[in-house]
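Notes for the one structure printed next.
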Amino acid sequence: PGPPRHANRLIYEKSPYLLQHAHNPVDWYPWGQEAFDKAKRENKLIFLSVGYSTCHWCHVMEEESFKNEEIGEIMNKNFVCIKVDREERPDVDKVYMTFVQATSGGGGWPMSVWLTPDLKPFVGGTYFPPEDNTHHVGFRTVLLRIAEQWRQNQDALLQNSQKILEALLALSQVQAQGQQAAPPAQEVMATCFRQLSRSYDEDYGGFSQSPKFPTPVNLNFLFTYWALHRATPEGARALQMALHTLKMMAHGGIHDHICQGFHRYSTDRHWHVPHFEKMLYDQGQLAATYAKAFQISGDEFFADVAGDILLYASRDLGSQAGGFYSAEDADSYPTATSSEKREGAFCVWAAEEIRALLPDPVEGAAEGTTLGDVFMHHYGVKEDGNVSPMQDPHQELKGKNVLIVRSSPELTAAYFGLEPGRLRALLQDSRHRLQAARAQRPRPHLDTKMLASWNGLMISGFAQAGAVLAKQEYVSRAAQAADFLRRHLFDAGSGRLLRSCYRGKAGTVEQSAAPIQGFLEDYVFVIQALFDLYEASLEQGWLEWALQLQHTQDKLFWDPMGFAYFSSEAGDPSLLLRLKDDQDGAEPTANSVTVTNLLRAASYSGHTEWVEKAGQILAAFSERLQKIPLALPEMARATAVFHHTLKQVVICGDPQGEDTKEMLHCVHSTFSPNKVLLLADGDRAGFLYRQLPFLSSLERKDGKATAYVCSNFTCSLPVTSPQELRGLLCP
Numbered sequence: 001p002g003p004p005r006h007a008n009r010l011i012y013e014k015s016p017y018l019l020q021h022a023h024n025p026v027d028w029y030p031w032g033q034e035a036f037d038k039a040k041r042e043n044k045l046i047f048l049s050v051g052y053s054t055c056h057w058c059h060v061m062e063e064e065s066f067k068n069e070e071i072g073e074i075m076n077k078n079f080v081c082i083k084v085d086r087e088e089r090p091d092v093d094k095v096y097m098t099f100v101q102a103t104s105g106g107g108g109w110p111m112s113v114w115l116t117p118d119l120k121p122f123v124g125g126t127y128f129p130p131e132d133n134t135h136h137v138g139f140r141t142v143l144l145r146i147a148e149q150w151r152q153n154q155d156a157l158l159q160n161s162q163k164i165l166e167a168l169l170a171l172s173q174v175q176a177q178g179q180q181a182a183p184p185a186q187e188v189m190a191t192c193f194r195q196l197s198r199s200y201d202e203d204y205g206g207f208s209q210s211p212k213f214p215t216p217v218n219l220n221f222l223f224t225y226w227a228l229h230r231a232t233p234e235g236a237r238a239l240q241m242a243l244h245t246l247k248m249m250a251h252g253g254i255h256d257h258i259c260q261g262f263h264r265y266s267t268d269r270h271w272h273v274p275h276f277e278k279m280l281y282d283q284g285q286l287a288a289t290y291a292k293a294f295q296i297s298g299d300e301f302f303a304d305v306a307g308d309i310l311l312y313a314s315r316d317l318g319s320q321a322g323g324f325y326s327a328e329d330a331d332s333y334p335t336a337t338s339s340e341k342r343e344g345a346f347c348v349w350a351a352e353e354i355r356a357l358l359p360d361p362v363e364g365a366a367e368g369t370t371l372g373d374v375f376m377h378h379y380g381v382k383e384d385g386n387v388s389p390m391q392d393p394h395q396e397l398k399g400k401n402v403l404i405v406r407s408s409p410e411l412t413a414a415y416f417g418l419e420p421g422r423l424r425a426l427l428q429d430s431r432h433r434l435q436a437a438r439a440q441r442p443r444p445h446l447d448t449k450m451l452a453s454w455n456g457l458m459i460s461g462f463a464q465a466g467a468v469l470a471k472q473e474y475v476s477r478a479a480q481a482a483d484f485l486r487r488h489l490f491d492a493g494s495g496r497l498l499r500s501c502y503r504g505k506a507g508t509v510e511q512s513a514a515p516i517q518g519f520l521e522d523y524v525f526v527i528q529a530l531f532d533l534y535e536a537s538l539e540q541g542w543l544e545w546a547l548q549l550q551h552t553q554d555k556l557f558w559d560p561m562g563f564a565y566f567s568s569e570a571g572d573p574s575l576l577l578r579l580k581d582d583q584d585g586a587e588p589t590a591n592s593v594t595v596t597n598l599l600r601a602a603s604y605s606g607h608t609e610w611v612e613k614a615g616q617i618l619a620a621f622s623e624r625l626q627k628i629p630l631a632l633p634e635m636a637r638a639t640a641v642f643h644h645t646l647k648q649v650v651i652c653g654d655p656q657g658e659d660t661k662e663m664l665h666c667v668h669s670t671f672s673p674n675k676v677l678l679l680a681d682g683d684r685a686g687f688l689y690r691q692l693p694f695l696s697s698l699e700r701k702d703g704k705a706t707a708y709v710c711s712n713f714t715c716s717l718p719v720t721s722p723q724e725l726r727g728l729l730c731p
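Residues in the sequence shown are numbered from 1 upward in steps of one, following the UniProt record's numbering.
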């Protein structure tokens with residue numbers, strides 16, 4: 001293509017999403033004072049478009065409408081047009097998404113909202129086709145109608161927008177009533193379990209028919225429910241639901257069998273045909289969840305899947321500087337000469353491609369059987385493609401196959417008369433060949449923005465998997481990423497986190513001219529990551545930083561009147577609402593995770609006011625937790641941790657001693673949702689001993705590594721064998 005005909009102000013931005021729109025004929029502005037001033041000065045409405053760089057329908061709307069000269073002209077003449085990357089500015093996204101969901105009953109991206117010059121929303125939606133069709137009014141029509149309304153009925157529109165804002169304020173309030181206490185854990189856990197159990201798909205796992213999302217928050221809830229009800233039929237069912245879901249997901253097309261990692265979600269109930277983008281936050285959470293599944297079940301299958309996710313994250317999302325990029329797109333060019341991108345093009349296969357790559361005859365199988373036959377049988381490949389037209393409305397996958405494991409290795413081996421071990425080797429060799437072939441295809445777009453919050457989730461994935469699977473290289477990768485955060489997304493002078501940084505030329509790390517300050521979720525996920533990293537590495541520096549960040553979080557976001565934390569800090573006049581998220585979705589909401597963070601922080605510091613804050617958060621969300629805990633499974637899980645009181649598992653010993661390592665291995669290999677691990681290494685001048693004076697009274701018994709299990713700073717009798725310790729952890 002020749003040089004672009006247009007350039008707008010987005011050309012000066014760092015966000016990959018904003019840069020994608022820098023050459024539209026639309027006169028886009030980034031979110032900021034320049035755009036707000038223009039709207040007021042010219043008395044124009046604002047058109048706000050919010051999306052992210054790997055969003056399929058965002059690309060569609062850009063191609064159809066924002067690249068259209070005529071539509072661009074209508075937009076420029078009548079509106080001040082603002083583009084926002086929702087991953088950079090979740091605060092702006094949440095304010096207007098609250099409006100769109102409240103007024104239309106749905107939401108999603110791209111989000112399209114029309115605002116008065118003082119930023120109040122009055123009309124909103126998501127994707128609009130460019131022209132009217134039988135199902136939807138077209139974008140051009142909507143633009144012209146709204147511009148006309150503003151000319152004819154300006155006063156009525158302004159009054160209406162004020163009423164809408166007042167309704168949104170009332171709707172979005174989350175606060176404790178009077179002296180309300182945290183809700184009873186048993187009741188919240190039982191209701192959440194019942195609600196999950198009712199929505200569970202007995203055949204294929206997961207918690208809806210379609211589309212199906214991985215939702216690690218549900219699975220982590222079920223693990224904790226099982227741990228607290230091991231001897232009951234409900235406990236057994238909770239574990240079965242979680243493990244079956246994880247198995248079916250790993251066998252499905254949502255799991256990339258060739259290049260590892262997980263796609264965003266499945267469009268069908270079988271986990272077969274995914275929406276193909278890959279997000280960092282999914283990889284981080286799923287790695288931790290699969291590691292827990294191995295810890296609980298001992299089944300190596302889950303350990304292998306956790307390893308596969310971490311391989312993908314470090315190879316394809318890892319930056320040279322140590323952080324992790326945000327996402328890979330769903331759409332890509334099928335070949336180097338294609339002019340049009342297609343969803344899934346990088347990942348899907350025609351049967352003849354596979355036959356050409358795997359022509360070798362298989363010894364020991366029936367005459368004429370090729371490696372291609374074995375592979376295609378195992379992964380459900382069909383000659384004319386295995387994607388139903390129902391899952392492919394745009395016919396982008398016609399004649400193609402999304403790989404899905406259709407039978408166990410034992411059954412496939414028996415079908416071809418092969419030994420299971422031999423079959424595994426043949427399948428592995430086949431996957432390597434297909435991976436080499438895929439490497440020749442044009443890669444999907446990589447969003448090279450690096451976010452503090454999502455890096456936090458990925459650090460937790462590496463740290464937890466490293467501890468559980470006893471893989472030091474995972475713990476080292478987590479530490480490398482935490483170092484990256486401290487260098488590039490932390491301001492030591494103010495003690496504050498930044499939201500984002502960006503890949504520059506030659507792998508350098510760049511920051512925008514006005515860096516975006518960290519939001520609540522950045523603090524919460526990074527603090528969680530640092531606690532996980534301390535438990536995996538026992539380096540006290542991570543603990544010290546986590547507690548420092550917790551104090552900063554309290555100062556910036558805590559609501560002393562209604563309790564719990566606001567998602568964004570005070571003092572931004574362009575934000576109409578300070579919200580508290582109340583839904584654990586693709587990511588857990590920050591207030592849910594912070595309950596456990598606060599309890600851990602109190603255990604590492606002795607600051608009991610953090611326990612009080614944890615209870616106050618649960619009180620603020622009490623009504624929702626008692627009525628629909630299914631909307632907050634991570635907070636429901638934290639309710640149980642709060643009521644059962646965290647156990648401080650203190651190992652007194654030399655970190656290098658074999659006996660200490662055995663005791664630590666025992667802790668790491670036992671699933672106990674309400675424990676924190678501390679290593680008392682005898683260094684009384686060290687950070688932990690200064691924080692927790694009671695550690696000085698705990699001694700090694702007979703010179704051996706000794707474990708104490710303490711609750712509220714009162715400790716059990718000392719034990720020196722891993723067997724005894726396991727008994728204390730799983731009473």
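Glycine included, C-beta positions come from ideal geometry on N, C-alpha and C.
By a beta-carbon distance limit of 8 Å, residue 175 contacts residue 563. Their separation comes to about 6 Å.
Using a 10 angstroms sphere on the CB of residue 505, the tally of other CB atoms stays under 16, which defines it as exposed.
Residue 189: member of the alpha helix (DSSP H) spanning 185-199, first to last residue.
For residue 213, the secondary structure class from DSSP, reduced to helix, strand or coil, is coil. Residue 117 and residue 12 have their alpha carbons spaced roughly 24 Å apart. In the DSSP annotation of this structure, residue 646 is not part of any alpha helix (DSSP H), being labelled neither H nor E. The beta carbon of residue 420 is closer than 6 Å to those of 409, 410 and 413 in its chain, skipping five residues each way along the sequence. Look at residue 344 here: in three-state DSSP terms it is coil, with no helix or strand label. Here the alpha carbons of residue 80 and residue 35 stand approximately 7 Å from one another. Taking a cut-off of 8 Å for Cβ pairs, the segment 642-659 and the segment 706-725 touch, as three or more such pairs fall below it. In this structure the segment 49-65 touches the segment 94-111; the number of beta carbon pairs closer than 8 Å is three or more. One thing to note: residue 290 has its Cβ within 7 Å of the Cβ of residue 306. Segment contact: the segment 205-218 against the segment 585-599, three or more CB-CB distances shorter than 8 Å; contact assigned. Between residue 599 and the set 640, 38 and 94, the nearest pair of CA atoms involves 640.
Rounded to the nearest whole angstrom, the CA to CA distance from residue 202 to residue 73 is 53 Å. The Cβ-Cβ distance between residue 91 and residue 50 does not fall below 7 Å. Put simply, the backbone Cα of residue 679 is about 6 Å away from that of residue 652. In this structure, the beta-carbon distance from residue 242 to residue 469 does not fall below 7 Å. The DSSP assignment places complete alpha helix (DSSP H) segments of no fewer than 4 residues inside the segment 331-397 at 351-357 and 371-378, in order along the chain.
Beta-bridge partners assigned by DSSP to residue 704: 701. Rounded to whole angstroms, the Cβ separation of residue 20 and residue 65 is 14 Å, and the two are not in contact under 8 Å.
Listed in chain order, the non-local C-beta contacts of residue 287 below 6 Å within the same chain comprise 306, 309, 310, 461 and 465, local neighbours out to five positions each way being set aside. Distances from the CA of residue 432 to each of 454, 257 and 514 were compared; the closest alpha carbon is that of 257. The C-alpha of residue 88 lies about 35 Å from the C-alpha of residue 668.
Residue 528 holds the alpha-carbon nearest to the alpha-carbon of residue 595 among 528, 540, 484 and 333.
Shortest Cα-Cα distance from residue 78 to any of 48, 147 and 389 involves 147. In the structure shown, the three-state DSSP call for residue 617 is helix.
Exclusion of the five residues before and after residue 235 leaves 226 and 229 as the residues of its chain whose Cβ lies within less than 6 Å of its Cβ. When the beta-carbon positions are compared, residue 213 and residue 633 stay at least 7 Å from each other. Beta-bridge annotation (DSSP): residue 522 is not paired with any residue. Within the segment 129-172, the complete alpha helix (DSSP H) segments of 4 residues or longer fall at 139-152 and 154-171, listed in chain order.
Look at residue 453 here: in three-state DSSP terms it is helix. The DSSP-derived three-state label of residue 320 is coil. Of the residues 489, 259 and 255, the one whose Cα lies closest to the Cα of residue 271 is 255. In the three-state reduction of the DSSP assignment, residue 597 falls in the helix class, which pools H, G and I.
Residue 680 carries a strand assignment under DSSP once its states are collapsed to helix, strand and coil.
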